[in-house]
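Asker: Numbering (our numbering), first residue to last: 90 to 400.
Don't be surprised by glycine CBs; every beta carbon is placed ideally from N, CA and C.
Handing you a structure now.
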C-alpha cells in the first residue's frame with residue numbers, strides 16, 4: 090500500500106509540474122480581468138469539478154476577492170439571474186464539453202461577461218469560446234483505471250490557488266486583511282487583539298534593587314512568570330529571569346551574596362499595551378525571548394505579556 094501511495098504522489102506531482110510549464114500570458118490577462126472587475130467572481134463546475142469550484146470560490150472569498158459558487162444545472166433553471174454584467178465568471182470542465190456548463194456560455198456572451206475557462210483541452214468548445222483559457226491538461230490520472238479524476242482535479246485546484254495568490258499579491262492583501270475575514274481563528278485573534286487584553290496584570294513580581302538573593306528566588310517562585318521586575322512600575326531598573334539565575338550559578342562561585350543588580354538585564358524589551366498581539370509576538374520571535382514588559386502611554390509598567398501562555 091505504501092508503494093501505491095507514493096506512486097499517486099509521484100504522478101500528481103509530475104502532473105502539476107507539467108501544468109505549471111504551460112502557464113502563459115492568458116493567466117496574467119485573467120488575473121487583470123478579475124482585478125479590474127467591479128463585480129464578483131462566479132465559479133461554476135459540474136460533478137467533481139463542482140466540488141473543486143466550491144473550494145476555489147471559498148479561497149477567493151477569504152483572500153480579498155468576493156466570490157460565490159453557482160451550480161450549472163441550477164443556473165440554467167433561474168440562477169443565471171445571480172450574475173450581473175460586472176461579474177467575471179470561471180467555468181471549469183476538464184473535457185471542455187460538459188453539457189451543463191456549455192449551456193451557460195450563450196448567456197454570458199449575451200450579457201457581455203468576461204469568463205475564464207479552466208479545461209484540459211485547449212481545442213474544446215468551452216476553451217474556444219472563453220475570453221481567457223487556462224490549460225490544466227495532465228498526461229496521466231493517478232487513478233489506475235484512468236477514470237476517476239485525480240491528477241486533473243488536483244491541477245485544477247492548484248490553478249485556482251495560483252489565481253487567488255496572484256490576486257492577493259496584486260491587492261497587497263495583508264495578514265490584517267486576512268484576519269478581518271477570519272476573526273474566529275488564531276491568526277485573527279492575534280491580529281485583532283491588543284496586548285492589554287491578554288497581558289498579566291495582577292501580582293506582578295516586583296523587587297527592590299537592594300533585595301537579597303533569597304528574596305529574589307522567593308519572589309520569582311511566587312510570581313510564577315519565570316522572572317522578576319527590579320524596581321517599580323514608574324521606574325523599572327531591569328528584569329531577572331530564571332535563565333539569568335542559571336547563568337549566574339555557572340558564572341559566580343558565591344551567587345548568594347552577589348548584589349541582584351549584577352544578575353539583571355538593564356535593557357528589557359518593553360511594548361505599549363495598545364500594540365497588537367501579532368506585533369508583540371513577532372518582536373519576541375525576532376529577539377528570541379518569551380516575555381515582554383508592557384507599559385501604557387505614560388510609560389508606567391502595567392503588565393507582562395508572555396508568548397507561551399497564549400493558546
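Considering only residues of the same chain and omitting the five flanking positions on each side of residue 391, which have a CB-CB separation below 8 angstroms?
Answerer: Excluding residues within five positions, the ones whose Cβ falls inside 8 angstroms are 285, 288, 290, 322, 362, 383, 384 and 385.
Asker: Determine, using beta-carbon pairs with one atom in the stretch 106 to 121 and one in the stretch 139 to 157, whether at least three such pairs fall under 8 angstroms.
Answerer: As far as the Cβ criterion goes, the stretch 106 to 121 does not touch the stretch 139 to 157, which means the pair count is below three.
Asker: Should residue 204 go down as buried or exposed, given a rule of 16 or more other Cβ atoms within 10 Å for buried?
Answerer: The residue is buried, with at least 16 neighbouring Cβ atoms inside 10 Å.
Asker: Could you check whether the stretch 368 to 380 touches the stretch 338 to 349, counting it as contact only if at least three pairs of C-beta atoms, one from each stretch, sit closer than 8 angstroms?
Answerer: Touching, no, given that fewer than three Cβ pairs across the two stretches are closer than 8 angstroms.
Asker: Quick check on the burial criterion: 16 or more other C-beta atoms within 10 angstroms. Buried or exposed for residue 389?
Answerer: So residue 389 ends up on the exposed side.
Asker: Could you give the DSSP three-state label for residue 383: helix, strand or coil?
Answerer: Of the three classes helix, strand and coil, the one that applies to residue 383 here is strand, per DSSP.
Asker: Pop quiz: residue 312 and residue 292 are said to be a contact at Cβ under 8 angstroms. What is the actual Cβ separation, rounded to whole angstroms?
Answerer: Indeed, because the Cβ distance is near 7 angstroms, the residues count as touching under 8 angstroms.
Asker: Would you tell me roughly how many angstroms separate the C-alpha atoms of residue 105 and residue 202, rounded to the nearest one?
Answerer: Cα-Cα distance, rounded: 29 angstroms.
Asker: With C-beta atoms as the reference, is residue 145 less than 9 angstroms away from residue 315?
Answerer: Their beta carbons are not under 9 angstroms apart, which means residue 145 does not touch residue 315 by this criterion.
Asker: Would the beta-carbon of residue 331 fall within 9 angstroms of that of residue 353?
Answerer: No; because the gap between Cβ atoms is not below 9 angstroms, this pair is not in contact.
Asker: With C-beta atoms as the reference, is residue 225 less than 9 angstroms away from residue 213?
Answerer: No; because the gap between Cβ atoms is not below 9 angstroms, this pair is not in contact.
Asker: Cα-Cα, which of 183, 372, 97 and 381 is closest to residue 234?
Answerer: Ranking the options by Cα distance to residue 234, first place goes to 97.
Asker: Would you tell me roughly how many angstroms separate the C-alpha atoms of residue 189 and residue 229, rounded to the nearest one?
Answerer: Computed Cα separation, rounded: 25 angstroms.
Asker: Would residue 208 be called buried (16 or more neighbouring beta carbons within 10 Å of its own) or exposed?
Answerer: Buried, since its Cβ has 16 or more Cβ neighbours within 10 Å.
Asker: Whole angstroms are fine: how far does the CA of residue 141 sit from the CA of residue 243?
Answerer: Residue 243 and residue 141: Cα-Cα distance of roughly 9 angstroms.
Asker: Within 10 Å of its beta-carbon, does residue 317 have 16 or more other beta-carbons around it, so buried, or fewer, so exposed?
Answerer: Result: buried.
Asker: My output table needs one value for residue 309: the three-state DSSP class, helix, strand or coil.
Answerer: Residue 309 falls in the helix class under three-state DSSP.
Asker: If contacts are defined as beta-carbon pairs under 8 angstroms, then residue 221 and residue 115 qualify, I think. What distance do you get, rounded to the angstrom?
Answerer: Rounded, the Cβ-Cβ distance is 5 angstroms, consistent with contact.
Asker: Give the list of continuous beta strand (DSSP E) stretches no shorter than 3 residues that lie fully inside the stretch 114 to 171.
Answerer: Segments of the beta strand (DSSP E) lying fully in the stretch 114 to 171: 130 to 134 and 156 to 158.
Asker: Out of curiosity, what's the CA-to-CA distance linking residue 173 and residue 128?
Answerer: Between residue 173 and residue 128, the C-alpha separation is close to 7 angstroms.
Asker: Determine the direct distance from the alpha carbon of residue 167 to that of residue 185, and round the result to whole angstroms.
Answerer: Going by the C-alpha atoms only, they are around 23 angstroms apart.
Asker: Would you mind sorting residue 139 into buried or exposed? The rule is 16 or more other CB atoms within 10 Å of its CB.
Answerer: Residue 139 comes out buried.
Asker: Buried or exposed: which applies to residue 163, given that a residue is buried once 16 or more other Cβ atoms fall within 10 Å of its Cβ?
Answerer: By the 10 Å Cβ count, residue 163 comes out exposed.
Asker: What did DSSP end up calling residue 111 once you bin it into helix, strand or coil?
Answerer: Here residue 111 sits in coil by DSSP.
Asker: Relative to the C-alpha of residue 236, which residue among 360, 158 and 137 is closest?
Answerer: The candidate whose alpha carbon is nearest that of residue 236 is 137.
Asker: Given a cut-off of 9 angstroms on the beta-carbon distance, is the pair residue 180 and residue 232 in contact?
Answerer: Not in contact: residue 180 and residue 232 (Cβ atoms no closer than 9 angstroms).
Asker: For residue 337 and residue 297, what's the separation of their Cα atoms in angstroms?
Answerer: Going from the Cα of residue 337 to the Cα of residue 297 covers about 19 angstroms.
Asker: I'd like to confirm the pairing. Which residues does DSSP put opposite residue 206 in its beta bridges?
Answerer: In DSSP, residue 206 forms a bridge with 180 and 222.
Asker: How about residue 177 and residue 193: do their beta carbons lie closer than 9 angstroms?
Answerer: No; because the gap between Cβ atoms is not below 9 angstroms, this pair is not in contact.
Asker: What is the DSSP secondary structure of residue 200, counted as helix, strand or coil?
Answerer: DSSP places residue 200 in helix when its eight states are reduced to three.
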